[in-house]
Amino acid sequence: MAWFDGFCEGIGESMIDTGEQILGAGLKVWKDSAQVVLQWTTQDPSSFGGAWSMVYSLFNMFFGIGASLMTLYFVIGWLRESVDIRSTFNLENMFRIFLRLTLTASLMTNAMSLIRSVMSLAAALAGSIGAKIATNYTASGIFDSLTEGVSGAGYIGVGIVAILVGFIGMLVIIVCGVSILLAVMSRFFKIFICIPFAPVALASFAGGHGLSQSGISWVKTFLAYTLEVLVIAITLVLTYLLFRSVGNLFDDGISGLKGAVLMTVQLCCPMLAAVANVKAAEGTIRKCLGL
């Protein structure tokens, strides 16, 4: 019955197109997520109005605590060196102690300006890298191999498979898009939480060696959180370029259900790789720079 076979083929092709559209909807979410991530990576955290105002207020509150701690660390450092029987406390030591206090006070006074400068620099560098992010993924024709050797009522079964595979692929891609958004947003939370403690941590430099570990730890942590955005931008660029240069991960001769599944997996691989590397961005920058 030619008319029945034609009817089934028409329904099946419509279902295949629906499966591709479902997968395409997931890709649209990924493209939008990548654009939002690009916007966030190039955005200075100080541009977040209400959140930044709160962070700035907390910074000023902790600044008073830090000033008191600076005096305490200075006294502790003075006493530790003046009572050390292994060395002679002379004018040179006194000059070094007061120079250390002066430098610490200057660092604390200009801490907010330095913090904003580092964040602006990281955002500018990320912008120059992220401008090359590609989002031209497409699901068009991904299920064409399903129709090879199929005719008549078999098209309906193929259409059902296309919808199921497309739906699963869409869910995977959407989860990847949401995950990368949350990973980038968590960077802002970590920076905002880190900044108010700057005066308290930097005050430890007034105590000299042995007491300055808090300040050193804060500087390393802040740099890791701030420079994390560079790894995120590089990751989003490299994942697309690497998978494009590799080409097809699987044999082109594979067709049918297996071929459709493998092509969907190949389409999702760059997103999965990007999410995995973005989540490991902080650890990567710490290992590279010894932070």
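Mapped onto the numbering used here, the consecutive letters of the sequence shown carry residue numbers 62 to 352. Glycine is no exception: its CB is placed at the ideal position from the N, C-alpha and C atoms. No experiment lies behind these values; they were computed from the predicted model shown.
Cα-Cα separation, Ala335 to Val245: 12 Å
List the whole-angstrom C-beta distance separating Thr102 from Ala187, where the pair is believed to meet the contact cut-off of C-beta under 8 Å. 4 Å
State buried or exposed for Thr325, treating a residue as buried only when at least 16 other CB atoms are found within 10 Å of its CB. buried
By a C-beta neighbour count over all protein chains shown, 10 Å radius and 16 as the cutoff for buried, is Phe159 buried or exposed? By the neighbour-count rule (16 or more Cβ atoms within 10 Å), Phe159 is not buried but exposed.
Apart from the five residues just before and just after Ser107, which ones in its own chain have a Cβ nearer than 6 Å to its Cβ? Trp113, Arg177
Taking the C-alpha atoms as reference points, what is the distance between Trp91 and Arg347? 28 Å
For Val236 and Val226, the rounded distance between their alpha carbons: 15 Å
With contact counted as at least three CB pairs below 8 Å, one residue from each stretch, are the region 295–302 and the region 257–268 in contact? no
For the alpha helix (DSSP H) containing Ala342, list its first residue and its last residue. 342–350
Once DSSP output is grouped into helix, strand and coil, what is the label at Asp78? helix
Quick check on Gln100: does DSSP put it in helix, strand or coil? In the structure shown, Gln100 sits in a helix (DSSP, three-state: H, G or I).
Neighbourhood of Ile137 by C-beta distance below 8 Å, restricted to the same chain and skipping five residues each side: Gly268, Leu272
Skipping 5 residues on each side, what residues in its chain have a beta carbon closer than 7 Å to that of Trp139? Ile158
Within 10 angstroms of the Cβ of Thr349, are there 16 or more other Cβ atoms? Answer buried if so, exposed if not. Reading off the sequence shown, one finds Cys at residue 349, where the question assumed Thr. When all chains shown are included, Cys349 counts as exposed.
Relative to the alpha-carbon of Ser275, which residue among Gln100, Asn171, Tyr134, Tyr286 has its alpha-carbon at the smallest distance? Tyr134
Are Val339 and Ala183 touching if we call contact CB-CB under 8 Å? Contact: no.
Rounded to a whole number of angstroms, what is the C-alpha to C-alpha distance between Met122 and Arg248? Per the coordinates, the alpha-carbon of Met122 lies some 23 Å from the alpha-carbon of Arg248.
Cut-off 7 Å between Cβ atoms - residues of its own chain near Thr345, not counting five sequence neighbours on either side: These residues qualify, in order along the chain: Val292.
From Gln327 to Leu175, what does the alpha carbon distance come to, in whole angstroms? 44 Å
Cβ-based neighbour list, Val233, same chain, cut-off 8 Å, excluding 5 preceding and 5 following: Gly87, Cys329, Met332, Leu333
Does the Cβ of Met169 have 16 or more other Cβ atoms within 10 Å, making it buried, or fewer, making it exposed? buried
Which of the three DSSP states is assigned to Asn171 in this structure? coil
Rounded C-beta distance between Gly80 and Ile224? I'm assuming under 8 Å. 4 Å
Alpha carbon of Ile155 to alpha carbon of Ser129, nearest angstrom: The sequence as given places Met at residue 155; Ile does not occur at that position. Approximately 21 Å, taken between the alpha carbons.
Between Leu288 and the rest of its own chain, which residues show a CB-CB distance below 7 Å, the 5 nearest in sequence each way excluded? Ala183, Ile346
For Leu262, report the span of its alpha helix (DSSP H) as first-last. With the sequence shown as reference, residue 262 is identified as Ala, and Leu is not the correct amino acid for it. Taken as a continuous stretch (DSSP letters only), the alpha helix (DSSP H) holding Ala262 covers 259–263.
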